[in-house]
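>
Protein chains: 2
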Amino acid sequence: ARGYCEDVEFSPEDAARTELDFLAEVVEKAIEAGATTINIPDTVGYAIPAQYAAAIRHLKQHVRGIDKVVLSVHCHDDLGLAVANSLAALQEGARQVECTINGLGERAGNCALEEVVMAVKTRSDCFKLETNINTRRLYPTSRLVSNVTGIQVQRNKAIVGQNAFAHEAGIHQHGMLMHHATYEIMRPDDVGFSKTNLVLGKHSGRHAFRERVKELGYHLDDEQLNRVFEDFKNLADKKKEIYDADIEALIEGVMHRGAALWTLEAFTCNAGSGTLPSAAVALWRQDGTIVRDAGVGDGPVDAVFRTIERITGIDVNLKDYHVRSITMGEDAQGEATVEAELNGRTYRGRGVSTDIIEASAHAFLEVINKIALKKPPLPRVNPAHLAPTEQAAEAGV
Amino acid sequence: ARGYCEDVEFSPEDAARTELDFLAEVVEKAIEAGATTINIPDTVGYAIPAQYAAAIRHLKQHVRGIDKVVLSVHCHDDLGLAVANSLAALQEGARQVECTINGLGERAGNCALEEVVMAVKTRSDCFKLETNINTRRLYPTSRLVSNVTGIQVQRNKAIVGQNAFAHEAGIHQHGMLMHHATYEIMRPDDVGFSKTNLVLGKHSGRHAFRERVKELGYHLDDEQLNRVFEDFKNLADKKKEIYDADIEALIEGVMHRGAALWTLEAFTCNAGSGTLPSAAVALWRQDGTIVRDAGVGDGPVDAVFRTIERITGIDVNLKDYHVRSITMGEDAQGEATVEAELNGRTYRGRGVSTDIIEASAHAFLEVINKIALKKPPLPRVNPAHLAPTEQAAEAGV
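These protein sequences, in sequence, are chains A and D. If you read the first sequence in our numbering, its first letter stands for residue 177, the second for the next number, and so on. If you read the second sequence in our numbering, its first letter stands for residue 177, the second for the next number, and so on.
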């Protein structure tokens with residue numbers, strides 16, 4: 177393998193449950209054969225920190241040539257210990273942590289990149305290591321991954337959860353005002369939480385908008401910026417106050433929009449108790465024609481979905497449907513995410529609007545367009561222990 | 177204090193960041209004064225397992241009388257290490273873990289009960305401890321807490337997340353079929369995930385329904401069962417196949433329903449692109465009168481909410497709004513959760529229906545009813561380091 181590339185990683189599956197002497201022997205053989213990175217996966221998330229650290233220590237002590245290779249760890253979170261195990265291994269000399277944004281991955285997921293990075297940084301007194309990661313991009317990156325995968329981060333998730341820096345108890349709030357370090361071991365800015373909330377309104381100009389986009393950490397070309405600004409102006413007509421989260425949603429929307437075979441031209445829907453919910457939808461097809469039809473459903477959203485299926489001729493199985501408000505207030509934007517299945521493959525779509533029916537229609541159309549354009553699935557690099565979502569997010573510490 | 181009760185717990189705030197000799201001195205004084213439980217809180221989630229274990233070890237070795245008291249730990253999850261720290265302390269002799277269901281709590285939350293319990297059970301070879309907790313109630317309890325608090329559990333959360341036992345990678349699926357222990361260190365049943373999914377339909381009788389409710393782990397009296405069965409029959413008219421999650425939603429709905437000042441009698445709504453969304457709502461008041469009105473909004477849900485506000489005379493600030501599908505398929509039930517604020521207090525409501533507008537109306541009415549009936553807030557037991565959500569969920573291991 178060394179003949180083909182510089183860095184060869186050897187990874188014995190389920191190493192954490194393997195008998196240590198046998199593991200040491202196998203690893204030694206791999207190093208002799210040219211491996212330059214040795215990965216010790218805890219494939220089923222069975223390890224606990226003290227024991228996992230002992231395994232790494234054992235290899236350090238008993239494997240000839242171990243000091244010439246990079247020791248890597250790959251932990252799963254089945255018992256909630258992926259981050260702790262990875263950190264314990266770092267303290268024993270491991271120098272690569274296989275991890276994912278938001279801890280996504282098979283079953284309960286993998287080690288969460290943002291937690292490892294911030295633990296190493298916050299407790300540099302213990303780890304004495306550098307990650308070279310710009311921690312101020314952690315929160316925006318987490319949001320982006322959450323939007324792309326449709327897998328939401330829970331409110332009380334460490335580092336990137338909505339509540340991670342929210343102080344509820346009165347005595348804590350008092351302490352925070354007196355001296356923030358009393359209750360805050362990291363600052364919200366450190367991980368890229370926006371300081372200000374309320375930013376722009378109907379009368380904000382292009383320059384102020386461009387500045388805000390930059391401050392939020394996005395790099396847009398002129399065409400993208402123009403499209404986002406146009407969406408911003410439309411939104412400002414409907415909504416008095418535009419928050420950072422609104423702008424992020426607009427940007428992510430523009431960055432998402434691929435080649436679309438079908439676009440929403442117009443819709444109406446009727447619903448109510450005791451009535452039969454119905455919808456009328458007009459879709460614009462890439463060739464310039466507009467197709468209109470109507471349908472019924474169990475509710476207005478279902479009626480819209482079924483009408484879109486009728487127009488496009490694509491019938492899917494809906495697997496998951498979510499709506500959440502992105503910002504506060506009654507004129508908040510709603511974000512809809514749709515997960516649907518066709519012929520054993522899963523497709524996800526996302527839409528944003530102040531009207532959740534419209535947001536849902538956009539999300540469903542994204543699914544329909546993905547199917548119509550039949551994008552190939554993501555390649556799988558290492559099927560032995562990586563799920564598809566991990567590959568994009570994988571990074572070394 | 178010992179004059180008033182048997183068990184006196186002493187808890188020095190932020191102990192994990194306190195100088196060890198000083199901490200030992202303070203703890204010794206507390207024991208001399210009669211404390212029977214010594215709690216060592218990591219109030220800001222700063223500790224890492226090896227160091228936290230060393231602190232517990234230090235107290236064990238240097239505090240006179242430490243063997244006569246119960247050592248307790250209270251960890252926060254700011255660096256994602258609450259569970260690992262608690263487990264490390266157990267290995268050093270701590271015998272009480274302060275934890276919460278779903279890891280709820282201040283900021284990133286507290287130690288997750290379900291993760292500690294399953295780690296101790298799954299790795300009994302390391303811990304040699306018993307928790308006396310019925311692990312088959314973990315998943316239903318997690319769901320109940322999530323419904324009551326409105327704080328959702330992320331899909332890739334250990335133990336109780338929707339994906340915790342889902343195997344995506346093909347090679348893993350193959351391994352599972354060959355021998356489940358290859359990839360599964362716990363079985364879904366161990367934590368109370370339902371084995372079967374598809375259960376009942378339109379023609380299922382009361383007896384089969386009662387059995388299924390019992391199997392799902394709910395204890396309902398005859399009146400409650402009758403109300404849930406009635407809801408079940410209504411749902412079966414709309415929906416071909418009723419899943420366990422549907423039944424759980426119905427039960428939780430009945431158990432939720434308190435004294436309601438306002439009940440939804442009927443509603444209709446119209447929405448569409450380029451049109452002004454509007455709603456007409458009829459509410460039944462406890463005194464037997466029906467009040468009808470109509471209103472407009474940014475979308476159909478907003479129009480319904482504003483019309484309900486107009487009828488009831490209660491104006492709230494909407495803080496959060498969520499809709500998710502509880503089961504799969506296009507006729508899935510949608511669950512709406514609403515969080516609203518009035519005069520500095522937050523109220524939460526929840527509604528379920530196949531029509532998400534109707535579900536949203538029910539959720540919003542629950543908020544309105546709570547305000548109309550002005551329920552007192554939950555008492556706070558230990559404001560120094562507990563958030564309100566923790567108290568209900570707190571438990572000792």
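Yeah, the Cβ is synthetic: ideal placement off N, Cα and C, and Gly gets one too.
1) Residues of chain A with CB under 9 Å from MET294/D, in chain order?
2) Would you identify the three-state DSSP class for ILE327/A, choosing helix, strand or coil?
3) Determine the direct distance from the alpha carbon of LEU305/D to that of SER248/D, and round the result to whole angstroms.
4) With H, G and I counted as helix, E and B as strand and the rest as coil, what does DSSP make of THR451/A?
5) What residues of chain D sit near SER318/A, judged by a beta carbon separation below 9 Å?
6) Only counting the same chain, and skipping five residues up and downstream in sequence, which positions put a Cβ closer than 8 Å to that of THR522/A?
7) Take GLU511/D and list the residues in its own chain whose beta-carbon comes closer than 6 Å to its own, dropping the five residues that flank it on each side.
8) Between the alpha carbons of VAL404/D and GLN509/D, how many angstroms are there, rounded?
9) Where does THR317/A land, buried or exposed, given buried means 16+ other C-beta within 10 angstroms?
10) Does the CB of GLU534/D have a neighbour CB from chain A at under 8 Å?
11) In three-state terms, what does DSSP make of TYR315/D?
12) So which of LYS378/A, PRO225/A, VAL273/A and PHE303/A has the shortest CA-CA distance to ASN215/A?
13) Taking CB distances under 8 Å as the criterion, tell me whether SER449/D reaches chain A.
14) Please identify, using Cβ separations under 8 Å, the residues of the region 479-506 of chain A that lie next to chain D, in order along the chain.
15) Cβ closer than 8 Å: which chain D residues qualify as neighbours of ARG521/A?
16) Under 8 Å, do ILE232/A and THR298/A count as touching if we go by C-beta distance?
17) Determine, for ASP407/A, whether the minimum Cβ-Cβ distance to residues of chain E falls below 8 Å.
18) What residue range does the alpha helix (DSSP H) around ASP183/D cover?
19) When you compare each of ASN339/A, LEU518/A and PHE443/A to THR483/A by their alpha carbons, which one comes out closest?
20) Going by DSSP, which residues form a beta bridge with ALA516/D?
21) Go ahead and pull the three-state DSSP assignment for LEU440/D.
22) Give the straight-line distance between the Cα atoms of ALA412/A and SER449/D, rounded to the nearest whole angstrom.
23) Do the region 250-258 of chain D and the region 209-228 of chain D touch if we need at least three Cβ pairs shorter than 8 Å?
24) Apply the 10 Å Cβ neighbour rule to LYS333/D and answer buried if 16 or more other Cβ atoms are within range, or exposed otherwise.
25) So, is PHE481/A buried or exposed, given that buried needs 16 or more other C-beta atoms within 10 angstroms?
26) List the endpoints of the continuous beta strand (DSSP E) containing GLU195/A.
27) Is PHE186/D near ALA206/D, with beta carbons less than 8 Å apart?
28) Which class does PRO188/A belong to by DSSP, given the choice of helix, strand or coil?
29) Which residue or residues does DSSP assign as beta-bridge partners of LEU376/D?
30) How about VAL367/A and ARG312/A: do their beta carbons lie closer than 8 Å?
31) Could you tell me which chain D residues have their CB closer than 7 Å to the CB of VAL259/A, listed as they occur along the chain?
32) Tell me the residue span of the alpha helix (DSSP H) that contains GLN237/A.
33) Indicate whether at least one CB of chain A lies closer than 8 Å to the CB of GLU274/D.
34) Given a cut-off of 8 Å, decide if THR276/D and LEU289/D are closer than it, judged by their beta-carbon atoms.
35) Taking 8 Å as the cut-off, decide whether the C-beta atoms of ALA154/A and PRO476/A are in contact.
36) Identify whether ALA211/A lies in helix, strand or coil by the three-state DSSP scheme.
Taking the definition as stated:
1) By one-based count along the second sequence, residue 294/D stands at place 118. Residues of chain A passing the Cβ test: ASP254, LEU255 and GLY256.
2) Taking the first residue of the first sequence as 1, we reach residue 327/A at position 151. Looking at ILE327/A - three-state DSSP - the assignment turns out to be coil, as it is neither helix nor strand.
3) Position 72 of the second sequence, counting from 1, holds the residue named residue 248/D. Position 129 of the second sequence, counting from 1, holds the residue named residue 305/D. About 15 Å.
4) The residue you call residue 451/A lines up with position 275 of the first sequence. In the structure shown, the three-state DSSP call for THR451/A is coil.
5) For this step, residue 318/A is matched to residue 142 along the first sequence. Under the 9 Å cutoff, chain D gives no residues; its nearest Cβ is about 12 Å from SER318/A.
6) Residue mapping note: residue 522/A aligns to position 346 of the first sequence, counting from 1. Here the set comprises LYS495, GLU515 and ALA516.
7) The residue labelled residue 511/D in the question sits at position 335 within the second sequence. Only ARG500, ILE502 and VAL528 meet the Cβ criterion.
8) The sequence position of residue 404/D within the second sequence is 228, counting from 1. The sequence position of residue 509/D within the second sequence is 333, counting from 1. Put simply, the backbone Cα of VAL404/D is about 15 Å away from that of GLN509/D.
9) Your numbering for residue 317/A matches position 141 in the first sequence. Classification for THR317/A: buried.
10) For the purposes of this step, residue 534/D is taken as the residue at position 358 of the second sequence. Yes, because at least one Cβ of chain A sits closer than 8 Å to the Cβ of GLU534/D.
11) Within the second sequence, the letter at position 139 stands for residue 315/D. In this structure, TYR315/D counts as helix in the three-state DSSP scheme.
12) As a first step, residue 215/A must be located in the first sequence, where it is residue number 39. Of the candidates LYS378/A, PRO225/A, VAL273/A and PHE303/A, the one whose C-alpha sits nearest the C-alpha of ASN215/A is VAL273/A.
13) Counted from its first residue, the second sequence places residue 449/D at position 273. Yes, because at least one Cβ of chain A sits closer than 8 Å to the Cβ of SER449/D.
14) The region 479-506 of chain A vs chain D, Cβ under 8 Å: PHE481, ARG482, ASN493, LEU494, LYS495, ASP496, TYR497, HIS498, VAL499, ARG500, SER501, MET504, GLY505 and GLU506.
15) To locate residue 521/A, count along the first sequence from 1; it is residue 345. Within chain D, no residue comes near ARG521/A; the closest Cβ sits about 12 Å away, beyond 8 Å.
16) Locating residue 232/A in the first sequence gives position 56, where the first residue counts as 1. Locating residue 298/A in the first sequence gives position 122, where the first residue counts as 1. Not closer than 8 Å, so no.
17) Among the chains of the structure shown, chain E does not appear; the protein chains present are A and D.
18) Along the second sequence, one-based indexing puts residue 183/D at 7. ASP183/D -> no alpha helix (DSSP H), and no H or E assigned at all.
19) As a position in the first sequence, residue 483/A is number 307, starting the count at 1. For the residues ASN339/A, LEU518/A and PHE443/A, the minimum Cα distance to THR483/A belongs to PHE443/A.
20) Working through the second sequence from its first residue, we reach residue 516/D at position 340. In the DSSP output, where bridge partners are listed per residue, ALA516/D has LEU494/D and TYR523/D.
21) The count along the second sequence starts at 1 and reaches residue 440/D at position 264. Strand, per DSSP.
22) The count along the first sequence starts at 1 and reaches residue 412/A at position 236. The count along the second sequence starts at 1 and reaches residue 449/D at position 273. Going by the C-alpha atoms only, they are around 16 Å apart.
23) yes
24) Taking the first residue of the second sequence as position 1, residue 333/D is located at position 157. With 16 or more Cβ atoms within 10 Å of its Cβ, LYS333/D is classed as buried.
25) Here residue 481/A refers to the residue found at position 305 of the first sequence. Buried is the call here.
26) Start at 1 with the first residue of the first sequence, and residue 195/A comes out as number 19. Here GLU195/A belongs to no beta strand (DSSP E), and DSSP marks it neither H nor E.
27) Taking the second sequence and counting its residues from 1, one reaches residue 186/D at position 10. Taking the second sequence and counting its residues from 1, one reaches residue 206/D at position 30. Contact flag set, yes.
28) The residue you call residue 188/A lines up with position 12 of the first sequence. If DSSP states are grouped into helix, strand and coil, PRO188/A belongs with coil.
29) As a working mapping, residue 376/D is identified with position 200 in the second sequence. In the DSSP output, where bridge partners are listed per residue, LEU376/D has ILE418/D.
30) Reading the first sequence from its first residue, position 191 is the one you call residue 367/A. Reading the first sequence from its first residue, position 136 is the one you call residue 312/A. Yes, they are a contact pair.
31) Along the first sequence, read from residue 1 onward, the residue named residue 259/A stands at position 83. Near VAL259/A (Cβ distances below 7 Å), the residues of chain D are GLY256 and LEU257.
32) Your numbering for residue 237/A matches position 61 in the first sequence. 225-238 is the span of the alpha helix (DSSP H), which, as asked, contains GLN237/A.
33) Taking the second sequence and counting its residues from 1, one reaches residue 274/D at position 98. It does not; no Cβ of chain A falls within 8 Å.
34) Along the second sequence, read from residue 1 onward, the residue named residue 289/D stands at position 113. Along the second sequence, read from residue 1 onward, the residue named residue 276/D stands at position 100. Contact: yes.
35) In the structure displayed, chain A extends from 177 to 573; residue 154/A sits before or after that span and is not available.
36) Within the first sequence, the letter at position 35 stands for residue 211/A. In the structure shown, ALA211/A sits in coil (DSSP, three-state: anything other than H, G, I, E or B).
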